[in-house]
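Peer 1: Dumping the structure here so I can ask a few things about it.
There are 2 protein chains.
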Amino acid sequence: MNFPSKLIEEAVIEISKLPGIGKKSALRLALHLLKRDETQTQLLADALITMRTKTTFCRKCHNISDAELCLICTSPRRDASVLCIVEDTRDVLAIENTAQYRGLYHILGGIISPLMGIGPNDLNIESLINRMEQEPEIQEVILALSPTMEGDTTAFYLQKKLKPFNKKISTIARGIPIGGDLEYADEVTLGRSILSRIAYE
Amino acid sequence: MNFPSKLIEEAVIEISKLPGIGKKSALRLALHLLKRDETQTQLLADALITMRTKTTFCRKCHNISDAELCLICTSPRRDASVLCIVEDTRDVLAIENTAQYRGLYHILGGIISPLMGIGPNDLNIESLINRMEQEPEIQEVILALSPTMEGDTTAFYLQKKLKPFNKKISTIARGIPIGGDLEYADEVTLGRSILSRIAYE
């Protein structure tokens, strides 16, 4: 593209480094900011810098936090006997939004993926083991990982690692999504939903 | 959403003010920046601020520019006898990328849209009239506006305004896109493409 301005070009290059934003979208965003008041750009830039420099990770669960311990780990209303293991912060937000879970979390910071060169040592697994040792109140560990090859590999690895602690280990249910149409479900999901059928009580 | 950090929440609010970016995408972008090196966020913020504060608009054609006159207006290799009128900078970039046009531009900064409360006085039309008076080298004006109701209204208005100058006025061809399938063309476009058919020479 022949940009009419070097400064626009530099902004577009930086914006398009963000995931899912190509050159054309980046240009659209840059032109949008140019049309708006200068304070909007200033607020955006400030918010990004403050977020990047001031946020930290919770010492206990590795969730993003403004303090040494996050709001969930410090809340007296959470059930410390259940620990939910997730890949990243977005999963915590997704589970929190369901309002169905009152326990604590442990964020792995990724999943085991030999293709991407991510092994167990790149994840927050050592600190998970430490927590299992130091928090005897934990009675159950829920593995809430995506049902993909990498997620299953990670779950398998964690099961082995957690076995010595003799706690209940579970995984989130896999099956037909609520509101989903049987006809359009893939065979693997449908097959697993039959195998792990739930009896009426 | 229950954000784990006030700072993230503020960043998400600012990011989601950008067009086409919702809360979920904004969060994804924020988390991406948190995972990357701090310098990436710094570079992005700097590029945005510099772009917003340092770029200006070309005094002549109203294109975005780093100087008082833009690179196109000052180029000795452009054909000053043709003036192409477009809605905004993105249209200039799109036309420049075709490498089919060597003339100059005039950017309206929008199109007439009564619904959005945008009238002729909100656009760079007065400066266009001034250019027509001060640049006798202009022999043809091409109206390159979108073939929408607003674009057609604006084109009609400009035709009336430009008529007194007695120059050739044209519009970009409307028809079936190259590579497009007749079967899937809408009736209006197909109808117009028959009416304005091109004779083989």
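If you're matching them up, the sequences are chains A and B in order.
Heads up: the first sequence begins at 1 in UniProt numbering, then just goes up one per residue.
Heads up: the second sequence begins at 1 in UniProt numbering, then just goes up one per residue.
Virtual Cβ for every residue (Gly too), placed ideally from N, Cα, C.
Using the C-alpha atoms, what's the distance from I194 of chain A back to L182 of chain B?
Peer 2: Answer to the nearest angstrom: the Cα atoms are 48 Å apart.
Peer 1: Residues in its own chain within less than 8 Å of A30 of chain B by CB, not counting five upstream and five downstream?
Peer 2: Once the five neighbours on either side are set aside, the close Cβ partners of A30 of chain B are I8, A11, V12 and I15.
Peer 1: Tell me, please, whether the CB atom of residue 210 of chain A is closer than 7 Å to any CB atom in chain B?
Peer 2: Any answer about residue 210 of chain A is impossible in this case: the structure gives chain A only from 1 up to 201.
Peer 1: Using alpha carbons as the reference points, say which of A:S75, A:N130 and A:I178 lies closest to P164 of chain A.
Peer 2: When only C-alpha atoms are compared, the closest one is A:N130.
Peer 1: So what does V188 of chain A bridge to, in DSSP terms?
Peer 2: The partner list for V188 of chain A (beta bridge, DSSP) is empty, contrary to what the question assumes.
Peer 1: Determine the burial state of N121 of chain A: buried for a count of at least 16 other Cβ atoms within 10 Å of its Cβ, exposed for fewer.
Peer 2: When all chains shown are included, N121 of chain A counts as exposed.
Peer 1: Using a Cβ cut-off of 8 Å, pull out every chain A residue sitting near L93 of chain B, in sequence order please.
Peer 2: Result: M1, N2, F3, P4 and L27.
Peer 1: When you compare each of B:P114, B:P136, B:A99 and B:L128 to H106 of chain B by their alpha carbons, which one comes out closest?
Peer 2: Of B:P114, B:P136, B:A99 and B:L128, the residue nearest in Cα terms is B:L128.
Peer 1: Residues of chain B with CB closer than 7 Å to the CB of S65 of chain A, please, in chain order.
Peer 2: Those within 7 Å of S65 of chain A in chain B are P4 and S5.
Peer 1: Out of B:G110, B:S65 and B:P4, which has the shortest C-alpha to C-alpha gap to P4 of chain A?
Peer 2: Ranking the options by Cα distance to P4 of chain A, first place goes to B:S65.
Peer 1: Would you tell me roughly how many angstroms separate the C-alpha atoms of residue 207 of chain A and G109 of chain B, rounded to the nearest one?
Peer 2: Outside the modelled stretch of chain A, which goes from 1 to 201, sits residue 207 of chain A, for which no answer is possible.
Peer 1: Using only alpha-carbon positions, find the residue among B:K167, B:A144, B:S113 and B:Q159 that is nearest to P136 of chain B.
Peer 2: Cα-wise, what sits closest to P136 of chain B is B:K167.
Peer 1: Please compile the residues from chain A whose C-beta is within a distance smaller than 7 Å of the C-beta of L48 of chain B.
Peer 2: Here the neighbours are A11, L33, T41, L44 and A45.
Peer 1: If you measure between the beta carbons of G28 of chain A and L33 of chain B, is that distance less than 7 Å?
Peer 2: A quick correction: the sequence has Arg, not Gly, at residue 28 of chain A. Taking 7 Å as the Cβ cut-off, R28 of chain A and L33 of chain B do not qualify as a contacting pair.
Peer 1: Sorted by chain position, which residues of the same chain lie with C-beta nearer than 7 Å to R59 of chain B's C-beta, five sequence neighbours on each side aside?
Peer 2: Correct list, in chain order: E68 and L69.
Peer 1: Would you grab the beta carbon distance between I142 of chain A and A45 of chain B for me? Rounded to a whole angstrom, and I think it's under 8 Å.
Peer 2: Not really, about 38 Å apart at Cβ, beyond 8 Å.
Peer 1: Do we get a CB-CB distance below 7 Å when we pair L145 of chain A with the residues of chain B?
Peer 2: Judged by the 7 Å Cβ criterion, L145 of chain A is not in contact with chain B.
Peer 1: Assuming D79 of chain A contacts G103 of chain A under a Cβ cut-off of 8 Å, what Cβ separation, rounded to an integer in Å, is found between them?
Peer 2: Confirmed, about 5 Å.
Peer 1: Spell out whether any CB of chain A is found under 7 Å from the CB atom of R52 of chain B.
Peer 2: Yes, R52 of chain B counts as interfacial toward chain A.
Peer 1: Give the list of continuous alpha helix (DSSP H) stretches no shorter than 4 residues that lie fully inside the region 39 to 110 of chain B.
Peer 2: Whole alpha helix (DSSP H) segments, 4+ residues: 71 to 74 and 89 to 98.
Peer 1: Tell me the start and end of each unbroken beta strand (DSSP E) in the region 128 to 180 of chain A that is at least 3 residues and wholly inside, in chain order.
Peer 2: As far as the region 128 to 180 of chain A is concerned, its whole beta strand (DSSP E) runs of at least 3 residues are 140 to 143 and 168 to 171.
Peer 1: Thinking N2 of chain A and H62 of chain A are a contact (beta carbons under 8 Å), I'd like their distance in whole angstroms, please.
Peer 2: That belief does not hold up - the Cβ atoms of N2 of chain A and H62 of chain A are roughly 45 Å apart, past 8 Å.
Peer 1: Beta carbon of T154 of chain B, beta carbon of I111 of chain B: below 7 Å?
Peer 2: Taking 7 Å as the Cβ cut-off, T154 of chain B and I111 of chain B qualify as a contacting pair.
Peer 1: Could you give the distance in angstroms between the alpha-carbon of S113 of chain A and the alpha-carbon of I198 of chain B?
Peer 2: Looking at the two C-alpha atoms, the distance is approximately 58 Å.
Peer 1: Could you tell me how far apart the beta carbons of I85 of chain B and A26 of chain B are, in whole angstroms, since I believe they sit closer than 8 Å?
Peer 2: With 8 Å as the limit, I85 of chain B and A26 of chain B do not qualify as a contact, their Cβ atoms being about 36 Å apart.
Peer 1: Verify whether the separation of the beta carbon atoms of S75 of chain B and Q139 of chain B is less than 7 Å.
Peer 2: Their beta carbons are not under 7 Å apart, which means S75 of chain B does not touch Q139 of chain B by this criterion.
Peer 1: Name, in chain order, the residues that DSSP records as bridge partners for I118 of chain B.
Peer 2: Its beta-bridge partners are B:S113.
Peer 1: So, with DSSP's three-state summary, where would you put R197 of chain B?
Peer 2: Coil.
Peer 1: Buried or exposed for V188 of chain A, please, with buried defined as at least 16 other CB atoms from any protein chain shown within 10 angstroms of its CB.
Peer 2: Answer is exposed; the Cβ neighbour count stays below 16.
Peer 1: Can you check whether the C-beta of L162 of chain B is within less than 7 Å of a C-beta belonging to chain A?
Peer 2: Not an interface residue.
Peer 1: Does I8 of chain A come within less than 7 Å of chain B when only Cβ atoms are used?
Peer 2: By this cut-off, I8 of chain A is an interface position.
Peer 1: Could you give the distance in angstroms between the alpha-carbon of residue 279 of chain B and the alpha-carbon of I21 of chain A?
Peer 2: Summary: the structure shown does not reach residue 279 of chain B, with chain B confined to residues 1 through 201, and so no result is reported for it.
Peer 1: Using only the alpha-carbon positions, how far apart do I169 of chain A and Q159 of chain A sit?
Peer 2: Distance between the alpha carbons of I169 of chain A and Q159 of chain A is about 7 Å.
Peer 1: DSSP three-state label for I8 of chain B, please.
Peer 2: Note: I8 of chain B maps to helix in three-state DSSP.
Peer 1: Please state the DSSP three-state secondary structure of S25 of chain B.
Peer 2: Correct three-state label for S25 of chain B: helix.
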